[in-house]
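Just so we're aligned, residue 1 is where the sequence shown starts under UniProt numbering, counting upward by one.
For every residue, glycine included, the Cβ atom is placed at its ideal position computed from N, Cα and C.
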Amino acid sequence: MATTKPRITITLEQADYDVLKRLNKLNGVPMSKTISEFVSLTTPVLSQIADNLERLAESDRLVKDGLSASLESMLTRTQALYVESQGILDEMTAEISEAVDGENGRAERATRGSFAQASARGDRSAQPPYSNTGVRNRKSESGQGVI
């Protein structure tokens, strides 16, 4: 059934599209759903901005001039919040990287350690083969398995 909701067509930069495509693949939902959710998250802020712009458009020049300095100050504070939130995201990314890299490193060290211990005992069965290229199990004429 076709939707009755309004639709729009958007043009994106390739980098923006690539990020949305990655999110789409990871979330398993249509790209339009991802974009719709982003817009829904920002709608309250966008609505407030639209309200403020409408009020400014109705005001006279003197009011606009008086608000200019205040708006500049708010913009500076907002930019500082953006920088801080980017720092938090960077911390989260570093923590995820450390956790994933640490887990991969532990698994690799454990595997390497078990081979080293087996080698020290002279147990070659625990070690990977030097090469197994072209090796196939086949039956000999006597019915016994031969490598």
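Alpha helix (DSSP H) containing Ala15: first to last residue?
-> Gln14 to Asn27
Extent of the continuous alpha helix (DSSP H) run through Lys33 | Met31 to Glu58
With DSSP run on the structure shown, which of helix, strand or coil describes Lys5?
-> coil
How close, in whole Å, do the beta carbons of Asn24 and Thr34 come, if the pair is a contact with beta carbons under 8 Å?
-> 6 Å
Are at least three pairs of beta-carbons, each pair with one atom in the stretch 33 to 48 and one in the stretch 13 to 24, less than 8 Å apart?
-> yes
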